Amino acid sequence: MKCDEKPLLEEDGDVEEERNERATREGFAKNRVVWFGGPGDWQKDYVFHIENSHTLVSMCRGHAMHQFDRVDRAAHLCCVLCMNLFISAWLQREKDQVMMADYYTWVAAWSVALVAYDKALRCLATSPCFQVGGSLHEACCRDCCRDCGRQGLYLALVVSAAFAIAGVALAISLRANVSRFFGTFVAMKLFSYLGELAPLSWTFYLRRERQRDFWTPPPDPKISSWRQGGAYPLGAVWPKPDFLIERRHVPERFAHVSKRAAERNAQARRRRSEERSKLAQRLDSFAAKRQQQQQQQQDSRRPDLELAQLYAADDDVTVDAPLVDTFARRSALFSTDDPLVDTLGRRT
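Once you know that position 141 of the sequence shown is 141 in full-length UniProt numbering, the rest is easy, because the numbers rise by one and skip nothing.
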């Protein structure tokens with residue numbers, strides 16, 4: 001978000017983690033479409049919507065916290081491909097009885113039917129009404145209904161596999177041209193996957209406009225807060241974009257592992273910072289002591305220099321620098337706490 005709010009300082013990591021997870025799961029269940037952008041910034045949200053809604057793209061780019069997990073997505077894709085094999089064989093049988101224009105019309109029509117079959121399987125597998133934030137989430141039988149939906153998907157996979165076997169047997173019995181058979185198969189899938197982008201784009205636009213009141217920044221964030229409700233239970237600022245990106249490929253059951261690793265890394269960084277600061281303090285203390293010792297040595301030499309200059313002034317003798325250094329060394333050599341010894345040292 002461009003007008004993102006800073007997290008409260010008194011919240012610990014567990015509270016922030018809980019808010020991010022709740023906003024993410026309820027957002028997916030209630031068809032939230034604005035996650036990253038805001039007014040005039042829709043490209044990231046559109047790509048994120050396609051990655052989690054398109055049949056083929058979601059196999060590789062679907063979010064790990066989406067209610068339609070990747071195992072179910074794989075079963076769902078196999079269902080569609082198996083049904084596509086049967087329809088391709090059936091069209092090969094009908095091709096000799098219709099004109100070429102009618103044949104391509106049938107290909108396009110069955111491609112649309114496959115898209116509808118795809119959406120029906122997705123709804124069966126995810127059971128969105130029984131997910132977190134759904135209209136029937138509080139029902140006592142929600143877990144049973146969700147399990148039945150997933151089992152229904154695998155039952156549809158068995159039925160679709162039977163249709164695929166029947167389609168291959170039909171193609172063999174008709175002695176269909178292999179290249180033409182698979183050409184029809186690929187053409188139908190291209191029609192389906194490319195044609196799926198149009199309804200997904202339209203639904204993205206409609207949902208984005210319907211949710212405008214929730215993701216539009218308030219006039220003054222210091223006075224008024226983001227609107228909450230619907231697909232935005234905690235406002236548009238939750239979940240954080242970094243959370244969505246980090247959890248894209250991390251399943252929920254491994255989330256605590258990554259969290260502990262992040263905490264360990266933060267503690268290690270703090271320890272290294274403290275060690276560097278302590279080392280810098282020791283170096284500063286050593287430099288200060290060294291400078292103090294040098295200053296004391298200079299102060300101890302000053303009386304000897306003054307005495308040498310005084311003797312030279314009394315005897316009208318010019319004292320050169322080596323003589324001054326000799327007095328200084330002797331003074332340092334015989335410097336003691338005893339005044340008598342110190343005087344003897346100076347006279348010698």
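We treat Cβ as the ideally placed atom computed from N, Cα and C, and that holds for glycine. Just so it is clear, the structure is predicted and the values come from calculations on it, not from any experiment.
Alpha-carbon spacing of residue i relative to residue j, whole angstroms
i	j	result
Cys129	Leu136	5 Å
Leu153	Arg227	37 Å
Gln296	Ala287	14 Å
Val237	Leu197	28 Å
Gln267	Phe243	20 Å
Leu234	Gly37	16 Å
Leu85	Ile50	25 Å
Pro218	Tyr232	15 Å
Ala89	Asp147	33 Å
Leu114	Val71	20 Å
Lys289	Asp299	15 Å
Thr105	Val186	15 Å
Phe28	Tyr103	39 Å
Arg210	Cys140	31 Å
Gln291	Gln281	15 Å
Ser285	Arg271	21 Å
Glu5	Thr216	Here the model assigns Glu5 a pLDDT of 45, short of 50, so the residue's position is not dependable and the matter cannot be decided.
Ser225	Ala116	40 Å
Arg212	Ala120	28 Å
Lys30	Leu56	22 Å
Pro39	Glu26	22 Å
Ala169	Gln151	27 Å
Cys144	Cys60	28 Å
Asn52	Gly229	22 Å
Arg269	Ser277	12 Å
Arg175	Tyr46	45 Å
Asn177	Val158	27 Å
Asp220	Leu283	49 Å
Distance CB(residue i)-CB(residue j) smaller than 9 Å
i	j	result
Leu200	Ala156	no
Arg142	Phe68	no
Thr203	Val107	no
Val33	Arg208	yes
Ser111	Phe181	no
Thr24	His63	yes
Glu17	Met65	no
Gly167	Ile87	yes
Ser179	Cys78	no
Exposure label - residue i; buried when at least 16 CB within 10 Å
i	result
Arg19	buried
Asp118	buried
His249	exposed
Tyr205	exposed
Leu279	exposed
Glu274	exposed
Val80	buried
Asp41	exposed
Lys44	exposed
Glu138	exposed
Arg73	buried
Ala171	buried
Ser58	buried
Candidates the options, of which the one nearest residue i by Cα
i	options	result
Val15	Arg271, Glu274, Pro239, Arg270	Pro239
Phe214	Trp35, Asn52, Arg22	Trp35
Ala164	Gln43, Ala74, Met83	Met83
Gly149	Ser173, Arg175, His76	His76
Ser173	Gln151, Gln92, Pro241	Gln92
Leu194	His54, Val47, Val158	His54
Ala109	Leu283, Gln293, Arg212, Lys189	Lys189
Phe48	Cys144, Arg175, Ser277, Pro241	Pro241
Quiz item: Whole alpha helix (DSSP H) runs in the stretch 28 to 71 with 4 or more residues, listed along the chain?
Solution: Whole alpha helix (DSSP H) segments, 4+ residues: 43 to 53, 57 to 61.
Exercise. Jot down the residue ranges of each uninterrupted alpha helix (DSSP H) in the stretch 184 to 217, minimum 4 residues, whole runs only, in chain order.
Key: List check, alpha helix (DSSP H) in window: 212 to 215.
Self-check item: Segments assigned alpha helix (DSSP H), at least 4 residues, entirely inside the stretch 87 to 172
Solution: Correct list: 100 to 126.
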